[in-house]
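Residue numbers for the sequence shown follow our numbering, beginning at 72 and rising by one. Positions of the beta carbon are idealized from the N, C-alpha and C atoms, including for glycine. All values reported here derive from a predicted model rather than from experimental measurement. What follows is a single structure, written as structure tokens, with notes after it.
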Amino acid sequence: MIAIGKITDFPLPNARPETSPMAILVGYVGSGAEMTLFAAARDDLERVQMTDGQTENTVAVEVRSKSLGDVFDRWLIYYEQTKLPPTPDLLDQLCVCGLADGRTLIKKLKRGSVEARYTLLSNFEPPIYDVALEWATRVKMMRPR
72 MIAIGKITDF PLPNARPETS PMAILVGYVG SGAEMTLFAA ARDDLERVQM
122 TDGQTENTVA VEVRSKSLGD VFDRWLIYYE QTKLPPTPDL LDQLCVCGLA
172 DGRTLIKKLK RGSVEARYTL LSNFEPPIYD VALEWATRVK MMRPR
């Protein structure tokens, strides 16, 4: 289809130039919206198409469960691979969260009832109350695979 589009100069739906930047697919999201990350040192990690507003620190994970809802199975979730402590601007946002116990989850971030603790919300699971976070970063984009 791309070759035909080049010959006919007819735009194709969702066609991207071959030089589009790529993000590394660093893992997947399973049940409970918990992320399983691949070994960081692997050179053979898959790359996926990036979109506007992403940087060289942008990475992606693939949803491989119904944990975020039936419609999001096999979607890509993009975020910045920075591990900074949570900031107030992340409250009420969908975030990738690194918990003190080592888990990485995708949840909506709310202020906890205790200083420096957070409540993590999901549409399909009970909240996780007053959890300590090592880091958090906002989900930049979600799109179908």
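Run through DSSP, which three-state label would A104 get? Locating residue 104 in the sequence shown gives position 33, where the first residue counts as 1. Three-state DSSP puts A104 in a helix.
Tell me which residues share the same chain as A131 and place their Cβ nearer than 6 Å to its Cβ, disregarding the 5 neighbours each side in the sequence. The residue labelled residue 131 in the question sits at position 60 within the sequence shown. Here the set comprises A94, L96, V119, L147, Y149.
Just to confirm my understanding: we take L165, look at its own chain, exclude 5 residues before and 5 after, and list those with CB closer than 6 Å. What are they? For the purposes of this step, residue 165 is taken as the residue at position 94 of the sequence shown. K179, V210, listed in sequence order.
Quick one: any contact between the region 122-129 and the region 168-182, if contact means 3 or more CB pairs under 8 Å? They do not touch, by the three-pair rule.
What separation, rounded to the nearest whole angstrom, lies between the Cα atoms of P159 and R145? One-based indexing of the sequence shown puts residue 159 at position 88. One-based indexing of the sequence shown puts residue 145 at position 74. Each residue's alpha carbon lies about 30 Å from the other.
Taking only three categories from DSSP, how would you classify D141? Here residue 141 refers to the residue found at position 70 of the sequence shown. Looking at D141 - three-state DSSP - the assignment turns out to be helix.
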